[in-house]
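Chains as they are written, first to last, in this note's numbering: chain B, 216 to 421; chain E, 20 to 271.
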């Protein structure tokens, strides 16, 4: 699900890094005026660590196993901070576990982080409209994975026509994960709403 | 679950271990970016051999290194299966009507070799420096403090959260829970995950208060006393020359 080193062309890698760095800087710079960053940094970090650990868990489906991405959930819990938090998580994942590549951290962050932001905005919109929270959670979890799959396929094809079939195969491989993450995210979100509703940052304006 | 202890062998002694952390970060990153974009299979192979050489010089235990580096195969093996069948080109062989192309095979192996070279270098870079030294080197290289702090805290708490999760997981196993990909299994797993998030959220406020009482203000204060010696300068120059020459050879 992550793109490894050596796959993408230089221009795609450069574009990925540019989008990631500019967007992260923009989010952190905006939030600097809204929040006390000294308080936010440990909080974001520990929650990022939790997601990092959760992504190590493998769930077996038939002969293969998938590991969780949880970008939809990360968007719902962390809000706009999900994007810079993802940068930290992916960097650690690339260096500590060799999942994904080092040169492609930027591109991977676009693939996973932007769907997280979209999931967050979708969730907030649905929450304010009063739609069932468990349903919105499941929708956002599935949406995060679906968009990641589409972004991944798009990035692979834009690096070279040779990857067309690989991109389709990757997109199809995302479909079962989409269902799994939908169910998990729905259950996590309704659990959080029951036990600790202040954890869902739906009432903040960013 | 295993701890992601990348710097378990950082206390060994070798030329790579003694290399100044700042120079190591810069030159290795340059090499990684250089090797990851080589277009020629043969030069990519030389790049890979060079990174193996660095790994050997660093005297890291081979089993420890192999366990990490083999991850590349899990990620890229599908490419080796799919690309020879789908990329058009000269026919290498024909298996009952499905043609295998030389171009596809060459391209897939180029990608895998580039990835192996990059991962070997990245692994050697982190495994030969203590993690806090790597973070100090990042501060010294003027990486934004907010990002470095987030990297440092996240790394630190991964260990704690793995313990926390293992405890919860064990107690679930004792109660007969088995994670299967059906609705019941996944929604129970969602509750475990929700509890893990709540537990770590509660931990954040305790950690923050403890940090504030020790004088934390959001601005890191690190004592940095790195010193570049002649050896460091020579080694860095060699690395930079190799990184650049890999791309110059292609032009001639």
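Cβ coordinates follow ideal geometry from the N, Cα and C atoms, glycine included.
For this session: Answer yes or no: does any C-beta atom of chain E fall closer than 8 Å to that of residue 314 (chain B)?
Result: yes
For this session: Starting from the N-terminal side, write out each stretch of the beta strand (DSSP E) that is 3 residues or longer and does not extend beyond the stretch 339 to 412 of chain B.
Result: none
Problem set entry | For residue 273 (chain B), the first and last residue of its enclosing beta strand (DSSP E) | 273 to 276
Problem set entry | Residue range of the alpha helix (DSSP H) that includes residue 190 (chain E) | 164 to 193
Exercise. When you compare only the Cα positions, how much space is there between residue 107 (chain E) and residue 124 (chain E)?
Worked result: 11 Å
Problem set entry | Counted within 10 angstroms of its Cβ, other Cβ atoms place residue 193 (chain E) as buried (16 or more) or exposed | exposed
Exercise. By DSSP, does residue 32 (chain E) sit in helix, in strand, or in coil?
Worked result: coil
For this session: Along the alpha helix (DSSP H) that carries residue 117 (chain E), what are the first and last residues, could you check?
Result: Note, residue 117 (chain E): premise wrong, no alpha helix (DSSP H); beta strand (DSSP E) at 117 to 120.
Exercise. From this set, B:359, B:335, B:373 and B:228, which residue's C-alpha is nearest residue 283 (chain B)'s C-alpha?
Worked result: B:359
Exercise. Residue range of the alpha helix (DSSP H) that residue 228 (chain E) falls in?
Worked result: 202 to 232
Problem set entry | residue 323 (chain B) burial status per 10 Å Cβ neighbour count (16 or more: buried) | buried
For this session: Would you mind working out which of B:244, B:240 and B:269 sits nearest residue 181 (chain E), comparing C-alpha positions?
Result: B:269
Exercise. Do you know how far the Cα of residue 363 (chain B) is from the Cα of residue 187 (chain E)?
Worked result: 30 Å
Exercise. Anyone know if the C-beta pair for residue 307 (chain B) and residue 170 (chain E) falls short of 8 Å?
Worked result: yes
Exercise. From residue 260 (chain B) to residue 295 (chain B), what distance separates their C-alpha atoms?
Worked result: 14 Å
Exercise. Can you find a CB in chain E that lies within less than 8 Å of the CB of residue 351 (chain B)?
Worked result: no
Exercise. For residue 190 (chain E), which residues in chain B fall below 7 Å Cβ to Cβ?
Worked result: Near residue 190 (chain E) there are no residues of chain B at all, since even the closest Cβ is about 16 Å away, more than 7 Å.
For this session: Apply the 10 Å Cβ neighbour rule to residue 82 (chain E) and answer buried if 16 or more other Cβ atoms are within range, or exposed otherwise.
Result: exposed
Problem set entry | Under 8 Å by beta carbon: chain B residues contacting residue 105 (chain E) | 377, 379, 380 and 381
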